[in-house]
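Peer 1: First the structure, which I've put down as structure tokens, then a few questions once you've had a look.
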Amino acid sequence: AENVQVESVVQTQTQTQSKVGMENSKKITDLMARLGNFDNRQN
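Counted the way full-length UniProt numbering counts, the sequence shown spans residues 1 to 43.
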């Protein structure tokens with residue numbers, strides 16, 4: 001029973017981390033796009 005609990009906790013953490021990772025990469029992509037647009041406007 002204890003092993004099952006630990007496994008579910010690990011699974012939850014992994015899912016949360018991958019969600020955060022996806023959100024972060026989206027934010028980074030958006031930031032890069034904004035920076036790119038900003039540079040293009042200045043030139």
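Virtual Cβ for every residue (Gly too), placed ideally from N, Cα, C.
If you draw a straight line from the alpha carbon of G36 to that of T29, how long is it in whole angstroms?
Peer 2: Taking the straight line from one Cα to the other gives about 10 Å.
Peer 1: Could you compute how far the alpha carbon of N3 sits from the alpha carbon of Q13?
Peer 2: Spanning the two alpha carbons is a distance of roughly 15 Å.
Peer 1: Quick one: Cα of N24 to Cα of S8, how far?
Peer 2: Going from the Cα of N24 to the Cα of S8 covers about 24 Å.
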